[in-house]
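**Q**
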Amino acid sequence: MRVLILSCNTGGGHNSCAAAIAEAFAENGIYTRTEDSLAFVSHGFANFMSKGHSLMYRRFPAVFKFGYGFAEKHSSFLAKGSLVYKLLTSGAEKLYSYITENKFDTIICVHVFCGMILEKAFEGKSKNGIKTAFVATDYTCSPGAASFDYDYCFIPDNSLAGEFIANGVPEEKIIPSGIPVRKNFICRIEKEKAKAAFCLCGKRHLLIMGGSMGCGPVEKILEYLHKDITADTDISVVCGNNRKLYKKLYSKYKTAKNIHIVGFAKDVPLLMDSADLYLTKPGGLCTSEALAKALPMVMIDAVAGCEKHNMEYFIKICGGESAPTPKALAKKCSLLLSDEEKLELLRNNLMQNQKNNAAAEISDYLGGSICKSFLRKEITENSDFAD
């Protein structure tokens, strides 16, 4: 078995999902390769899309919100024949050659753009038995997710099956696996031991992250938190790849004993184990990692779009909360950190909604080592789509 995972460098979530799936296949001794689907158009185009996406997320979230909303309401925007479709799929022949030359027999897409270029690559050609799959990385059916043909569609939760079916994904292709996260997020370390690793014994710990790009009004929220923070609480802020944010916050809080500013962190799973509360933008992977850790969330509605759907999902299962302004978000965090009973309720709700190792389930499913009806069982009975 030879597996090609197609990702997209538009934020870190899709690549994290791809890495989790690759990790699971590797544990079964299966060869995998992960490629940026946009690089088949050109490396320059892939870099342009990556930087443009980061710019919109950080500086112009309203533009992203408008674009996502427009795509949701106008299916023709990403449809075959559209200008966007032609541009995104212009590397299809190069991708097809890469697939055939490397003899891949299974192809997994973790972004809608990947599915579009793969669909175009096989247009008018035989798949020759190649299995194709789409893995949804948000708690919604994203625009374009139903516009291309694949053999399997792995979704985050049974309750979302109706939405995917209503958007045109055949029910028989849907497998509610959960969103894949790396094993180090699934494995948990006892909270007090994790706190000891960061010299936080006996402290409340608030972890703040704005995704890999360091998005959202983190600076403003931290100003309010700094005013109200008590001596028994520490705050860790992970800025990700946002060097500008890191420099600004580090300069401002370098003398604050209970505020720790971190750039790109490699020990995020351990930080999450040590945290009592997680202030984050509701990206599909950010929230799924918190779900795996049973870590209560306060979610920042920073860019809307698919992230608003993610936020709504976790509010619905009572695994996290939100507030409309930086001041209100800071207040929400302060109140929750002082309310152990509420934190415990949020933790229990998350634990009740945890999935198995989604990456391993996908690997086993596509590898054919488990009954292919297992993950799809009860989808009709448990889905919101059911009568």
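Positions 1 to 387 (this note's numbering) are the ones given, in order, by the sequence shown.
We treat Cβ as the ideally placed atom computed from N, Cα and C, and that holds for glycine.
#1: Regarding Glu321 and the ligand HEM, is the C-beta to nearest heavy atom distance less than 7 Å?
#2: Can you pull the DSSP bridge partners for Leu207?
#3: Pull up the CB-CB distance for Ser294 and Leu350, whole angstroms please, since I reckon it's below 8 Å.
#4: Using only alpha-carbon positions, find the residue among Phe134, Ile108, Met299 and Phe148 that is nearest to Glu401.
#5: Counting pairs of beta carbons, one from the segment 299 to 313 and one from the segment 231 to 247, are three or more of them closer than 8 Å?
#6: Do you know offhand how far Ala360's Cα is from Ser251's?
#7: Please return the same chain residues whose Cβ sits closer than 7 Å to the Cβ of Ala20, not counting the five positions on each side in sequence.
#8: Does the segment 255 to 268 come into contact with the segment 222 to 241, if we say contact requires no fewer than three beta-carbon pairs (one atom in each stretch) closer than 8 Å?
#9: Taking Met49 as the reference, give the member of Leu88, Tyr31 and Ile30 with the closest Cα.
#10: With H, G and I counted as helix, E and B as strand and the rest as coil, what does DSSP make of Val262?
#11: Is Ala133 helix, strand or coil when you go by DSSP?
#12: Helix or strand or just coil, what does DSSP make of Val41?
#13: Give the DSSP-derived three-state secondary structure of Ile370 in the structure shown.
#14: Please list the terminal residues of the continuous alpha helix (DSSP H) segment that includes Arg2.
#15: Output yes or no for whether 8 Å exceeds the beta carbon distance between Ser37 and Leu6.
#16: Which residues in the same chain as Phe134 place their Cβ atom closer than 6 Å to its Cβ, once the five residues preceding and following it in sequence are excluded?
#17: Return the bridge partner residues of Arg243 from the DSSP annotation.
#18: Out of curiosity, what's the CA-to-CA distance linking Tyr224 and Pro326?
#19: In the structure shown, what three-state DSSP assignment does Pro269 receive?
#20: Met209: which of Asn242, Lys227, Lys193 and Thr140 sits nearest, CA to CA?
#21: Tell me Val298's beta-bridge partners as DSSP assigns them.
#22: Nearest to Ala330 by alpha carbon, out of Leu343, Asn348, Ile315 and Tyr278?
#23: Does the distance from the CB of Phe390 to the CB of Cys141 come in under 8 Å?
#24: Quick check on this structure: which residue in Ile189, Tyr85 and Ile117 has the alpha carbon closest to the alpha carbon of Tyr98?
#25: Considering only the beta carbon of each residue, do Cys17 and Thr137 sit closer than 8 Å?
#26: Assuming Gly144 and Val112 make a contact with CB atoms under 8 Å, what is their CB distance in whole Å?
#27: In angstroms, rounded to a whole number, what distance separates the CA positions of Glu192 and Phe185?
#28: Considering Asp389, what are the terminal residues of the beta strand (DSSP E) in which it resides?
#29: In the DSSP output, which residue or residues are listed as bridge partners for Tyr152?
#30: Quick one: give me the first and last residue of the alpha helix (DSSP H) that Ile221 is part of.
#31: Run through DSSP, which three-state label would Ile99 get?
#32: Rounded to whole angstroms, what's the CA-CA distance from Lys266 to Thr106? Just pull it up for me.
**A** Result, derived from the coordinates:
#1: In terms of ligand content, the structure shown is empty, and the ligand HEM therefore cannot be addressed.
#2: According to DSSP, Leu207 bridges with Ser236 and Tyr278.
#3: Checking the sequence shown, residue 294 turns out to be Ala, not Ser. That belief holds up - the Cβ atoms of Ala294 and Leu350 are roughly 4 Å apart, short of 8 Å.
#4: Residue 401 is absent from the model: the chain starts at 1 and stops at 387.
#5: Taking a cut-off of 8 Å for Cβ pairs, the segment 299 to 313 and the segment 231 to 247 do not touch, as fewer than three such pairs fall below it.
#6: Roughly 43 Å between the two C-alpha positions.
#7: Scanning its chain for C-beta atoms nearer than 7 Å, with the 5 sequence neighbours on each side dropped, one finds around Ala20 the residues Pro180, Val181, Arg182 and Ala359, in chain order.
#8: In short, these stretches touch, since the Cβ pair count reaches three.
#9: When each option's Cα is compared against that of Met49, the closest is Leu88.
#10: In this structure, Val262 counts as strand in the three-state DSSP scheme.
#11: Correct three-state label for Ala133: strand.
#12: Collapsing the DSSP output to three states places Val41 in coil.
#13: Reliability of the predicted coordinates at Ile370 is poor, the pLDDT of 39 falling under 50, and the value obtained from them is presented with this limitation in mind. Here Ile370 sits in coil by DSSP.
#14: For Arg2, there is no enclosing alpha helix (DSSP H); the residue is found in the beta strand (DSSP E) stretching over Arg2 to Ser7.
#15: Contact: yes.
#16: When the five nearest sequence neighbours on each side are left out, the beta carbons in the same chain lying within less than 6 Å of the beta carbon of Phe134 are those of Cys109, Gly115, Tyr150 and Cys153, in order along the chain.
#17: In DSSP, Arg243 forms no bridge with anything.
#18: In this structure, the alpha-carbon of Tyr224 lies about 8 Å from that of Pro326.
#19: In this structure, Pro269 counts as helix in the three-state DSSP scheme.
#20: The residue with the shortest Cα to Cα distance from Met209 is Asn242.
#21: Looking at the DSSP assignment, Val298 forms a beta bridge with Leu279 and Glu321.
#22: Among Leu343, Asn348, Ile315 and Tyr278, the Cα nearest to that of Ala330 is on Tyr278.
#23: Residue coverage of the chain in this structure runs from 1 to 387, which leaves residue 390 outside it and unanswerable.
#24: Out of Ile189, Tyr85 and Ile117, the CA that lies nearest to the CA of Tyr98 is found in Ile117.
#25: In this structure, Thr137 lies closer than 8 Å to Cys17 by Cβ.
#26: That pair is a contact at about 4 Å.
#27: Cα to Cα, Glu192 sits roughly 17 Å from Phe185.
#28: In the structure displayed, the chain extends from 1 to 387; residue 389 sits before or after that span and is not available.
#29: Tyr152 is bridged to Ala133.
#30: Run containing Ile221: Val218 to Asp228, per the alpha helix (DSSP H) assignment.
#31: Reduced to three states, the DSSP call for Ile99 is helix.
#32: Their backbone Cα atoms lie some 30 Å apart in a straight line.
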